[in-house]
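Have a look at the structure below before the remarks.
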Amino acid sequence: MAASDTDGGDCRPPISFELFPPRTDAAALALGRTIDRLAEAKPAFISVTFGAGGSSRERSLTVLRYMLEHTDVEPMAHLTCVGSSHAEANRLVREFLDAGVTSFLALRGDPPAGADPDAGIGDLGSAAELVQLIHRVQEEREPFGQVGIPGLPGVSEIRDRPRPERVAVAAFPTGHPRSRTLGQDVDALLAKEVAGANLAITQLFWHADDYLGFVERARAAGVTIPILPGIMPVTTPARLARLTQLTGVEPPAQLAIDLEIEPDPEAQAELGVRYAAELADGVLAGGAPGLHLYTFNRHEAVLSVLDRIGLAHTGTRTPLDHPAAAGSTTVHDPRPSRNAHERNTTKR
Numbered sequence: 001m002a003a004s005d006t007d008g009g010d011c012r013p014p015i016s017f018e019l020f021p022p023r024t025d026a027a028a029l030a031l032g033r034t035i036d037r038l039a040e041a042k043p044a045f046i047s048v049t050f051g052a053g054g055s056s057r058e059r060s061l062t063v064l065r066y067m068l069e070h071t072d073v074e075p076m077a078h079l080t081c082v083g084s085s086h087a088e089a090n091r092l093v094r095e096f097l098d099a100g101v102t103s104f105l106a107l108r109g110d111p112p113a114g115a116d117p118d119a120g121i122g123d124l125g126s127a128a129e130l131v132q133l134i135h136r137v138q139e140e141r142e143p144f145g146q147v148g149i150p151g152l153p154g155v156s157e158i159r160d161r162p163r164p165e166r167v168a169v170a171a172f173p174t175g176h177p178r179s180r181t182l183g184q185d186v187d188a189l190l191a192k193e194v195a196g197a198n199l200a201i202t203q204l205f206w207h208a209d210d211y212l213g214f215v216e217r218a219r220a221a222g223v224t225i226p227i228l229p230g231i232m233p234v235t236t237p238a239r240l241a242r243l244t245q246l247t248g249v250e251p252p253a254q255l256a257i258d259l260e261i262e263p264d265p266e267a268q269a270e271l272g273v274r275y276a277a278e279l280a281d282g283v284l285a286g287g288a289p290g291l292h293l294y295t296f297n298r299h300e301a302v303l304s305v306l307d308r309i310g311l312a313h314t315g316t317r318t319p320l321d322h323p324a325a326a327g328s329t330t331v332h333d334p335r336p337s338r339n340a341h342e343r344n345t346t347k348r
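Next comes the structure, spelled out in C-alpha cells:
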C-alpha cells in the first residue's frame, strides 16, 4: 500500500513507534540518535515503556522530556497497574501531565520474572481501572498552573494545564495468557473503551488474519476505537527465540528456520524486514488504520519496513483522526486464510 497509490496529497496512514528507556549512558546517547531518525519519519507518536512498579520511572521521564524538548513528536507514556497503589498512580499521572506528556498507554502489566502472577498487582486490578484513573486525575486538577519553558531551566509561565489527549490500551489478537477464549479479549477491550480509552495497540502477532479477525470480532461486539496493529521486525534468531519465550506466541516455522540457517547478519536482518513488510502490507490492505512499529531501540529495521511498503517520510504528519486513518468497520484479509492446523492457538 504505497503512499503514492492514494489520491490527493499526503494520505499516508499514520505510523508510530515504541522505545524502551536506556540502561547506560552509552545506550542513552545511541537512543537520542535513534529518536532523531524516527522523528524524521513524522510519526503520530512515539511511546516509551515503563517498568512494573515504576522501576524505570526516571529513565522513562528523561526519554519523554527529550522528545518534548528536541523534537515535534508527541510522546506517549506507558503506565502499568502492577505494584502500584492508587496514590502512586495518581501522583505519576500528575507528574507526566505537569511535564507536558498528554498521551498514555494504560497497561495491566506483568509481575517481575518468577513472581506469583496474582501477587503484588497493587490497587488497580485492570487496565480499564487505570484508564479511569487517568481521566479522574484530569478532572481533579486545577485548570491553570506554572509550566516550565523548554530550553529555559527554572523559568515558567502560567498556562492551561496539559490534559490527557490520547489514552491507549493494549489488544491481544492471539489471546492474552490469562484469557480462556478469544472472546474474553474482545470483552476486555470493550471494557477499556467504556472506561475512556480512545485507541488500542495490538501486541505481537505473526499473521495478518490474526489481526484482521480480531478487529472483525471487536467491531461486531461494539468496539469503535482505532485498533493499531503492532508490527515487530525480528532480525536475529536470538531475538526471535527471546520473543517466543516472553510471549508464548509461536513464530512462523519457516521464518525461524530461515533466520537460524542464515549465517550473515545482514541477510538475517533482510529476512526480518521482508517478513514484517509483508505483514504490514497485509493488514493495511485489510483495513488497518495505521501501523505501530516496535523498534527494539533501533531505527534501521523499522525505517526499512516503511521504505519497503512505500510509507517512508512524505513531508507531513498524518494524525490518527485523519481520514487516512479511518479503519473499516469490517475488515477482510486480502490473503488466503491459513489452514486450521496452521493456526496458532498459543495464548499470551
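When the letters of the sequence shown are read in order and numbered with the UniProt record's numbering, they come out as residues 1 to 348. In this text, a Cβ means the ideal position worked out from N, Cα and C, and glycines have one as well.
May I ask you to list the residues that DSSP assigns as paired with residue i?
i           : result
G230        : H292
R166        : S103
residue 391 : Residue 391 lies beyond the range of the chain shown here (1 to 348); nothing can be said about it.
A171        : T202
Would a check of beta-carbon distances place residue i closer than 8 Å to chain B?
i   : result
M76 : Looking at the structure shown, chain B is missing, and only one protein chain is on hand.
Out of the options, point me to the one whose CA is closest to residue i's CA.
i    : options                : result
P237 : T244, R219, I227, L259 : L259
T181 : F214, A200, P153       : F214
L293 : V186, I231, G100, A28  : I231
V186 : N198, V169, L199, A218 : A218
R136 : N90, R274, A312        : N90
L29  : Q254, L130, S103, V63  : V63
A200 : E139, L105, A277       : L105
V93  : Q138, D307, R178       : Q138
Within the continuous beta strand (DSSP E) that includes residue i, where are the two ends?
i   : result
G75 : According to the sequence shown, residue 75 is Pro rather than Gly. Residues 75 to 80.
Residues in the same chain with beta-carbon distance under 7 Å from residue i, minus the five sequence neighbours each way, listed in chain order, please.
i    : result
G32  : Y66
D7   : Unreliable positioning characterises D7 in this predicted model, as indicated by a pLDDT of 37, which lies under 50. A coordinate reading is not provided.
A326 : Because A326 carries a pLDDT of 46, less than 50, the predicted location of this residue cannot be relied on, and the following value inherits that uncertainty. Excluding positions up to five away in sequence, the list reads P289.
A269 : T235, A301
Just curious, the alpha helix (DSSP H) that residue i is in, first and last residue?
i    : result
T202 : Taken as a continuous stretch (DSSP letters only), T202 belongs to no alpha helix (DSSP H), being part of the beta strand (DSSP E) at 199 to 202.
V155 : Taken as a continuous stretch (DSSP letters only), V155 belongs to no alpha helix (DSSP H), as it is neither H nor E.
H135 : 127 to 140
V305 : 300 to 308
E216 : 208 to 221
V249 : Here V249 belongs to no alpha helix (DSSP H), and DSSP marks it neither H nor E.
P265 : 265 to 285
E262 : Taken as a continuous stretch (DSSP letters only), E262 belongs to no alpha helix (DSSP H), as it is neither H nor E.
S60  : 57 to 70
L189 : 182 to 195
A30  : 25 to 39
Among the residues of its own chain, which have a CB less than 6 Å from the CB of residue i, if the five just before and after it don't count?
i    : result
E88  : none
A39  : T71, V73
G272 : P233, V234, T235
S328 : Confidence at S328 is low in this model, with a pLDDT of 44, below 50, so the placement of that residue should be treated as unreliable; the coordinate-derived value is given next. Correct list, in chain order: G287.
R59  : P21
A221 : V186, L190
Within its chain, find whatever has a CB closer than 8 Å to the CB of residue i; leave out the 5 residues flanking it on each side and keep chain order.
i    : result
L243 : L204, M232, V234, V249, P251
L303 : R37, L38, A41, A312
T295 : F17, E18, L19, T34, L38, A301, V302
D5   : Confidence at D5 is low in this model, with a pLDDT of 38, below 50, so the placement of that residue is unreliable and no value is reported for it.
Hey, is the segment 197 to 214 in contact with the segment 166 to 174, meaning 3+ C-beta pairs nearer than 8 Å?
-> Using a Cβ-Cβ distance cut-off of 8 Å, the segment 197 to 214 and the segment 166 to 174 are in contact, since at least three pairs of beta carbons, one from each stretch, lie closer than that value.
Taking 8 Å as the threshold, find out whether the segment 34 to 50 comes into contact with the segment 68 to 85 through three or more Cβ pairs.
yes
Worksheet item: Can you find at least 3 beta carbon pairs, one from the segment 289 to 304 and one from the segment 250 to 266, that sit closer than 8 Å?
Response: no
(request) Pair every Cβ in the segment 221 to 236 with every Cβ in the segment 186 to 193, then say whether three or more of these pairs are closer than 8 Å. (result) yes
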